[in-house]
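Engineer: So the sequence lines, in the order shown, correspond to chains E and B.
Mapping of the first sequence onto this note's numbering: residues 62 to 429, in sequence order.
Mapping of the second sequence onto this note's numbering: residues 62 to 429, in sequence order.
All C-beta atoms in this analysis are idealised placements derived from N, C-alpha and C, irrespective of residue type, glycine included.
There are 2 protein chains.
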Amino acid sequence: MRYLDTEEIENIAIGAAVLGTGGGGDPYIGKMMAIQAIKKYGKVKMITIDELEDDDLVVPVSTIGAPTVGIEKVASEEELTASLDMLEKVLGKKAKAIMPIEIGGSNSLIPVAAAAKKGIPVLDADAMGRAFPEAQMVTYHLDGHSPGAVTMSDEKGNTLLMYPVDGQWSERFARAITIQMGGSAKMCDYALEGIHVKKSVIPNTLTLAEDIGKIIRGSRKNGLNPVKELLNKMQGYQLFQGKAIDIRRRIQDGFTRGEALLEGIRDDKDRKLRLFFQNEHLLALDEDTNEPVAITPDLIAVLDLETGAPITTEGMKYGARVVVVAFPCDAKWRTPKGIETAGPSYFGYPYEYQPVEQLAEKRKGCLA
Amino acid sequence: MRYLDTEEIENIAIGAAVLGTGGGGDPYIGKMMAIQAIKKYGKVKMITIDELEDDDLVVPVSTIGAPTVGIEKVASEEELTASLDMLEKVLGKKAKAIMPIEIGGSNSLIPVAAAAKKGIPVLDADAMGRAFPEAQMVTYHLDGHSPGAVTMSDEKGNTLLMYPVDGQWSERFARAITIQMGGSAKMCDYALEGIHVKKSVIPNTLTLAEDIGKIIRGSRKNGLNPVKELLNKMQGYQLFQGKAIDIRRRIQDGFTRGEALLEGIRDDKDRKLRLFFQNEHLLALDEDTNEPVAITPDLIAVLDLETGAPITTEGMKYGARVVVVAFPCDAKWRTPKGIETAGPSYFGYPYEYQPVEQLAEKRKGCLA
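(1) Counting C-beta neighbours from all protein chains within 10 Å, is the total for ASP233 of chain B 16 or more, i.e. buried, or is it exposed?
(2) If we ignore side chains and look at the alpha-carbon of each, how far apart do TYR251 of chain B and ILE361 of chain E end up?
(3) Could you give the residue range of the alpha helix (DSSP H) that holds GLU422 of chain E?
(4) Under 8 Å, with one C-beta from each stretch per pair, do the region 209 to 218 of chain E and the region 168 to 185 of chain E reach the 3-pair mark?
(5) Would you mind reading off the limits of the alpha helix (DSSP H) that contains LEU173 of chain E?
(6) Taking only beta-carbon atoms, is LEU141 of chain E less than 8 Å away from chain B?
(7) Just list the residues that DSSP pairs MET160 of chain B with in beta bridges.
(8) Do you know offhand how far ARG191 of chain B's Cα is from PRO208 of chain B's?
(9) So, at 6 Å on beta carbons, what are the nonlocal neighbours of LEU291 of chain E in its own chain, with the 5 sequence-adjacent residues on each side left out?
(10) Got a sec: is the Cβ-Cβ distance from CYS427 of chain B to anything in chain E below 8 Å?
(11) Counting only runs of 3+ residues fully inside the region 367 to 397 of chain B, write out the beta strand (DSSP E) ranges in chain order.
(12) According to a CB-to-CB cut-off of less than 7 Å, which residues of the region 202 to 232 of chain E neighbour chain B?
(13) Kindly list, in the order they appear in chain E, the residues whose Cβ is closer than 8 Å to that of ALA237 of chain B.
(14) Unbroken alpha helix (DSSP H) runs of length 4 or more, entirely within the region 251 to 313 of chain B: which are they?
(15) Does the distance from the C-beta atom of LYS260 of chain B to that of ASP204 of chain B stay below 8 Å?
(16) For PRO358 of chain B and GLY399 of chain B, which I take to be in contact (beta-carbon distance under 8 Å), what is that distance rounded to the nearest angstrom?
(17) If we count the other Cβ atoms within 10 Å of its Cβ and call it buried at 16 or more, is PRO397 of chain E buried or exposed?
(18) Looking at the structure shown, is ALA192 of chain E part of a helix, part of a strand, or coil, going by DSSP?
(19) Could you name the residues that DSSP lists as bridge partners for MET213 of chain E?
(20) For ARG278 of chain E, which residues from the same chain have a beta carbon less than 6 Å from its beta carbon, with the 5 sequence-adjacent residues on both sides left out?
(21) Please report the straight-line C-alpha distance between ILE159 of chain E and HIS342 of chain E, rounded to a whole angstrom.
(22) What do you get for ARG236 of chain E, buried or exposed, if any count of 16 or more other CB atoms within 10 angstroms of its CB means buried?
(23) List, in order along the chain, the chain E residues whose C-beta lies closer than 9 Å to that of PHE234 of chain B?
(24) Just verifying my parser: in three-state terms, what is the DSSP assignment at GLY86 of chain B?
(25) Buried or exposed: which applies to THR124 of chain E, given that a residue is buried once 16 or more other Cβ atoms fall within 10 Å of its Cβ?
(26) According to DSSP, which residues form a beta bridge with GLN339 of chain E?
(27) Does ILE326 of chain B come out as helix, strand or coil in the three-state DSSP assignment?
(28) For LYS92 of chain E, which three-state DSSP category applies?
(29) Which one of E:GLY255, E:ILE263 and E:ILE306 has the shortest CA to CA distance from PRO161 of chain E?
(30) Just the C-alpha distance for ALA186 of chain E and ASP116 of chain E, rounded to the nearest angstrom, thanks.
(31) Can you find a heavy atom of the ligand NAD that lies under 7 Å from the Cβ of THR374 of chain E?
(32) Is the separation between the beta-carbon of ARG309 of chain B and that of GLU320 of chain B shorter than 8 Å?
(33) At what residues does the alpha helix (DSSP H) containing ARG233 of chain E begin and finish?
(34) I'd like to check one pair, ILE164 of chain B with GLY85 of chain B: are the Cβ atoms closer than 8 Å?
(35) Ordered along the chain, which non-local residues of its own chain (more than five positions away) have a Cβ less than 6 Å from that of ASN265 of chain E?
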């Protein structure tokens, strides 16, 4: 157990945006909400899964929707916990801890803000180990858990409770409601007891995000190469250095979908890379060979070439000079069910999943 | 208080399809479900609003969606009461009676089937006095009631509870969910206590539907003109006799939308009439003058020219020989709030509302 103060939040915000692979909401929004809540309610206790009792109710609190909308539709303090309040009422049980459903942009820190307001701890874990665009793309789903009672709320005061038969139905309903709620909404799903949480979640990911944030911020201060330091820490791969020369982004079906074409610079000056995203980066394709260089569920992150600062799919601008990196996903995503749930075919990409390590091996010489 | 048996159901089914102005779901489906339930559980007690205690909970049970889908997606017995069961659980109070939210096709009889299964009475009343396509188009909304706790369910076992801030938000969410549920779903909204129900509903509309059914079936047996008998009973107007020469129907936004062009026969052989519908018939336009001959919220019904049998917007076929009739709507719909809620502008028709009596007066000689 330890406490999160504003300094920790600054680091988590940066690290979560790296792990968020371009999505998970805008990190600035989540940071501001968490800092504001900590200033008002005090530091937030963060516990590990080992500190959970078997019957402790752990509730994920998140924002669902298109990041493009999320940055313009910031949640009020009331909205922040409206879904949780409804859920507690329905279950007749109080949450013992709040957790992030994903590590990414705002969705890693909105739970911290909610925990501050409710005066309960946040759990140092999440259910993706990264960010994914759809609600059923969680380790709970891989382990056969249903989303249970799912609650949603918006800034107008609308609240909603569903008992979908499984994770896919939850996603379908929640997405349709999110669109009606204006493209972004607050949600609680997969509220489970400690005994299940401990087995299913990916532990210590808030701490991992914090460590990444420290590395990136620290390297800048100490004149080190932040990307290199990060790749060392994460056993990651540098895929490409380039400049964004074409970005297409649309809000469709409640997601921010699109692609970005990067023209190589430095060692990559004869190559081009195309990134495909649905809220998160999901596929990095060599534009000449049409071969994937990294593919979901592995993590693809875009960082500022100089500062190492993570760039969201929403925030990438024409002309941005970036480095594209990739990290192996958690082993849970490399199982048949993991690949079925969040692999390339699910998103309609005509490629087989290949671990980023193998792809890097193939390309040799492109290794960081 | 009296009991509804299968004979009453046969009559209500026909009359409700007339009052349903082409919508409210397929009358055959509702009839079959009600008859099946009565055979299994026994006759259904029907009470009037005068028999309600002030604190009796009265719950509308309905099908929401496109009639085109509803006829292919018949509810199971379980689905019939799943929304009601969830609502009772949430409110912690049992329904004293079930009521139709609208008088129309299946939606007047599904409540009878649900009442049979639950062993409670059905209320002889509804909240439209006709059928309308959208959830907020109810007298409860006109009287300032919110939909309260709204529940929905589907045949897969998905259930959902909403607290929308008002009727329009309820419609938006419910429609989006209905589309995800496959275009048709079961719903309870505006569950209110007797004290409010008595003041807001349009009373005795199941009995009115039954009377209309008796007239149409009886006229056939006795060699009378069923349309003439019906117009006498309802103080209605015959608008047009003709043959359907063009029907366009599409499922859009969870509704069956479209129009039908009728070529005149008999006295109307030099005229053409165009009907516009969104689940229900909403506008009858003289094709030559482009002037409305009847317009929502007044009731427009299409009947078989020979038998007087009501024809739904979904059931109208090319070449059908029909008579188009109109009846004045309940006075509640002719108030400013009524017109705002379900008048021509709401549906995007570029006409002012004019009562069918005035339009008939204008056209003189066209009166039945």
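Structural biologist: According to the data block:
(1) Position check: residue 233 of chain B holds Arg in this sequence, whereas Asp was assumed. Under this definition ARG233 of chain B is a buried residue.
(2) 48 Å
(3) 417 to 424
(4) These segments do not touch.
(5) This sequence places Val at residue 173 of chain E; Leu is not what is there. That run of the alpha helix (DSSP H) goes 171 to 179.
(6) no
(7) Partner(s): B:PRO121.
(8) 19 Å
(9) ILE276
(10) With a pLDDT of 48 at CYS427 of chain B, under the threshold of 50, the modelled position of this residue cannot be trusted, and the question is left open.
(11) List check, beta strand (DSSP E) in window: 382 to 388.
(12) LYS217, GLY218, ASN219, THR220, LEU221, LEU222, MET223, TYR224, PRO225, VAL226 and TRP230
(13) ALA237, ILE238, ILE240 and GLN241
(14) 255 to 261, 266 to 283 and 287 to 295
(15) yes
(16) 6 Å
(17) exposed
(18) Coil.
(19) E:LEU221 and E:MET248
(20) Within the same chain, no residue comes within 6 Å of ARG278 of chain E by CB-CB distance, once the 5 residues on both sides are set aside.
(21) 26 Å
(22) Under this definition ARG236 of chain E is a buried residue.
(23) ASN219, LEU221, ALA237, ILE238, GLN241 and MET242
(24) coil
(25) Buried: at least 16 other Cβ atoms inside 10 Å.
(26) Beta-bridge pairing by DSSP links GLN339 of chain E to E:ARG318 and E:GLU341.
(27) ILE326 of chain B sits in coil when the DSSP states are folded into three classes, being neither helix nor strand.
(28) In the structure shown, LYS92 of chain E sits in a helix (DSSP, three-state: H, G or I).
(29) E:ILE263
(30) 17 Å
(31) The ligand NAD is absent from the structure shown, which contains no ligands of any kind.
(32) yes
(33) 228 to 241
(34) yes
(35) Excluding positions up to five away in sequence, the list reads ASP185.
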